[in-house]
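Trainee: Just dropping this structure here.
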Amino acid sequence: MCSKTVSSLSKEKTMNSDFVRDEDERPKVAYNQFSNDIPVISLAGLDLDGSRLEICSKIVKAFEDWGIFQVVDHGIDSALISEMTRLSRVFFALPDEEKLRYDTTGGKRGGFTNSTHLQGDSAKDWREFVTYLTYPINARDYSRWPDKPDGWRSITEAYSEKMMALSCKLLEVLSEAMGLEKEAVAKACVDLEQKVIVNYYPTCPEPGLTLGCRRHSDPGAITILLQDQVGGLQATRDGGKTWITVEPVEGAFVVNLGDYGHYLCNGRFKTADHQAVVNSTSTRMSIVTFLYPAPSALVYPLKIKEGEKAVVEETITFAEMYKRHMSRHVEGASQRILAKEKRLQEKATMDMQSKNADIKM
Ligand SMILES: O=C(O)CCC(=O)C(=O)O
Ligand SMILES: [Fe+2]
Numbered sequence: 001m002c003s004k005t006v007s008s009l010s011k012e013k014t015m016n017s018d019f020v021r022d023e024d025e026r027p028k029v030a031y032n033q034f035s036n037d038i039p040v041i042s043l044a045g046l047d048l049d050g051s052r053l054e055i056c057s058k059i060v061k062a063f064e065d066w067g068i069f070q071v072v073d074h075g076i077d078s079a080l081i082s083e084m085t086r087l088s089r090v091f092f093a094l095p096d097e098e099k100l101r102y103d104t105t106g107g108k109r110g111g112f113t114n115s116t117h118l119q120g121d122s123a124k125d126w127r128e129f130v131t132y133l134t135y136p137i138n139a140r141d142y143s144r145w146p147d148k149p150d151g152w153r154s155i156t157e158a159y160s161e162k163m164m165a166l167s168c169k170l171l172e173v174l175s176e177a178m179g180l181e182k183e184a185v186a187k188a189c190v191d192l193e194q195k196v197i198v199n200y201y202p203t204c205p206e207p208g209l210t211l212g213c214r215r216h217s218d219p220g221a222i223t224i225l226l227q228d229q230v231g232g233l234q235a236t237r238d239g240g241k242t243w244i245t246v247e248p249v250e251g252a253f254v255v256n257l258g259d260y261g262h263y264l265c266n267g268r269f270k271t272a273d274h275q276a277v278v279n280s281t282s283t284r285m286s287i288v289t290f291l292y293p294a295p296s297a298l299v300y301p302l303k304i305k306e307g308e309k310a311v312v313e314e315t316i317t318f319a320e321m322y323k324r325h326m327s328r329h330v331e332g333a334s335q336r337i338l339a340k341e342k343r344l345q346e347k348a349t350m351d352m353q354s355k356n357a358d359i360k361m
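Numbering (this note's numbering), first residue to last: 1 to 361.
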């Protein structure tokens, strides 16, 4: 297995084989072949009775169709967004030794991860990332927050606070969409947890053979994602048959519904099925804020319409749901490896048979 950072590997002419995905997992649509199928929704007037209903109904439709929308006029200061972006870029440009001071190998919660080590997966993700557990505040472990560049820690604090406020507004919309009181979803969460991941995707010599971030859904309630103007975030709503590349919109955040959010509304809203692809000319960055319920929060629909069945078979805690979510991904990955080995074996047998046939002729 290769231990260089992805940034270092990106300078090589060919791609390291650890990153080569099975054919059916490889990108089907280019990173810059943009689609505007995902709606861009303005939050201007969200607090006014007249326009709130209209904005909420647009969000409901987007969640029903895709589990994803983009949000503009969200009230987050663009100077804060630019500074968070600038400082994150400075971090990833640091020498490997500096980034690896915060290496998460060995299961540390928070710090720098060079590619993703999903147990049993057929290939690694072409990305590096930094993770911070940002809420609850008393759970922050500042020893895992990189101390370089200067000012990044305080900007991350300010950024995560604004993201928490925006997430709470969106949880209110989700509650109202289910016909419940504004606080219903936040109450179901018991306590809100927030994790920030800054993803960095170096340029890749063979982007058609790999993924920056494997296909997945986010486990939590909602995710707020800031991407740069390069493009690479892709979504599917037919189980991976067809994909679209989400068009980057300056100043917008992408909002994804996670698995927990999907279960709370009894499956009415889709969980966002997504991945990220890379390219050979531009590095890309995304700053992702996950909103999770407390580990003890129960995963169960808040409202089940008459005649409807619950999409969950039993009430479990979010901690248990998270564990199952991760093992589902690991199981899927192991099955892929077995299938790949079987295909290779079948091919070897066929090659051998045709060689024997040639000899007999
Ligand atoms: O970089 C992106 O656009 C997607 C990242 C993502 O889905 C994640 O970090 O969960
Ligand atoms: Fe994601």
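Ideal Cβ positions, reconstructed from N, Cα and C, are used throughout, including at glycine.
Quick caveat: nothing in here was measured; it's all calculated off a predicted structure.
Quick check on Ala357: buried or exposed, where buried means 16 or more other Cβ atoms within 10 Å of its Cβ?
Mentor: Burial call: exposed.
Trainee: Using a 10 Å radius around the Cβ and a threshold of 16 neighbouring Cβ atoms, would you call Leu344 buried or exposed?
Mentor: When all chains shown are included, Leu344 counts as exposed.
Trainee: I want to check one thing, is the minimum distance from the CB of Asn199 to the heavy atoms of ligand 1 below 6 Å?
Mentor: Yes, the beta carbon of Asn199 sits closer than 6 Å to at least one heavy atom of ligand 1.
Trainee: Which full runs of the alpha helix (DSSP H) of 4+ residues lie inside the region 162-205, going along the chain?
Mentor: As far as the region 162-205 is concerned, its whole alpha helix (DSSP H) runs of at least 4 residues are 184-188.
Trainee: Just to confirm, are His262 and Ala235 a CB contact at a threshold of 7 Å?
Mentor: No.
Trainee: Quick check: Arg127 and Asn199, are their CB atoms within less than 7 Å of each other?
Mentor: Yes, the Cβ-Cβ distance between Arg127 and Asn199 is below 7 Å.
Trainee: For a test of the three-state rule: what should DSSP assign to Tyr159, helix, strand or coil?
Mentor: DSSP places Tyr159 in helix when its eight states are reduced to three.
Trainee: For Phe19 versus Thr210, is the C-beta spacing smaller than 7 Å?
Mentor: Their beta carbons are under 7 Å apart, which means Phe19 touches Thr210 by this criterion.
Trainee: Please report how far the alpha carbon of Leu80 lies from the alpha carbon of Pro95, in whole angstroms.
Mentor: Approximately 25 Å, taken between the alpha carbons.
Trainee: Hey, quick one: how far does the alpha helix (DSSP H) through Tyr375 stretch, first residue to last?
Mentor: Outside the shown range of the chain (1 to 361) lies residue 375, about which nothing can therefore be said.
Trainee: Near Pro205, what residues of its chain come up, given a Cβ to Cβ distance below 7 Å and the 5 sequence neighbours on each side ignored?
Mentor: Hits under 7 Å: Glu12, Lys13, Thr14, Met15 and Ser280.
Trainee: Going by the C-beta, is Asp121 closer than 6 Å to any heavy atom of ligand 2?
Mentor: Incorrect: Asp121 has no Cβ contact closer than 6 Å to ligand 2.
Trainee: What are the boundary residues of the alpha helix (DSSP H) that Leu9 is part of?
Mentor: Unbroken alpha helix (DSSP H) run through Leu9: Val6 to Leu9.
Trainee: Between Asp218 and ligand 2, is the CB less than 6 Å from at least one heavy atom?
Mentor: Yes - ligand 2 has a heavy atom lying nearer than 6 Å to the Cβ of Asp218.
Trainee: Using a Cβ-Cβ cutoff of less than 6 Å, which residues in the same chain neighbour Thr116 once the five nearest sequence positions on both sides are dropped?
Mentor: Taken in chain order, the residues that qualify are Asp125.
Trainee: Using the rule of at least 16 other Cβ atoms within 10 Å of the residue's Cβ for burial, across every protein chain shown, is Asp259 buried or exposed?
Mentor: When all chains shown are included, Asp259 counts as buried.
Trainee: Could you tell me the distance, in whole angstroms, from the CA atom of Ala30 to the CA atom of Gly232?
Mentor: Roughly 8 Å separates the two Cα atoms.
Trainee: Are the beta-carbon atoms of Tyr132 and Trp145 separated by less than 7 Å?
Mentor: Contact flag set, yes.
Trainee: Compute the Euclidean distance between the alpha carbons of Asn114 and Val6, then round it to the nearest angstrom.
Mentor: Approximately 7 Å, taken between the alpha carbons.
Trainee: Give the DSSP bridge partners of Ile287, in chain order.
Mentor: Answer by DSSP bridge pairing, in chain order: Val198 and Leu226.
Trainee: When every heavy atom of ligand 1 is checked, does at least one fall within less than 6 Å of the C-beta of Ser286?
Mentor: Yes, the Cβ of Ser286 comes within 6 Å of a heavy atom of ligand 1.
Trainee: Is Cys204 near ligand 1, with its Cβ less than 6 Å from a heavy atom?
Mentor: Not under cutoff, so the answer is no.
Trainee: What residue from Tyr292, Leu291 and Val277 has the CA that sits closest to Met285's CA?
Mentor: Checked all of Tyr292, Leu291 and Val277; the closest Cα to Met285 is Val277.
Trainee: Quick test of your reading: Ala272 and Asp238, contact by CB under 8 Å. State the CB separation rounded to the nearest angstrom.
Mentor: Rounded, the Cβ-Cβ distance is 13 Å, inconsistent with contact.
Trainee: Please determine whether the Cβ atom of Glu297 lies at a distance below 6 Å from any heavy atom of ligand 1.
Mentor: Residue identity check: residue 297 is Ala in the sequence provided, not Glu. Not so, every heavy atom of ligand 1 lies at least 6 Å from the Cβ.
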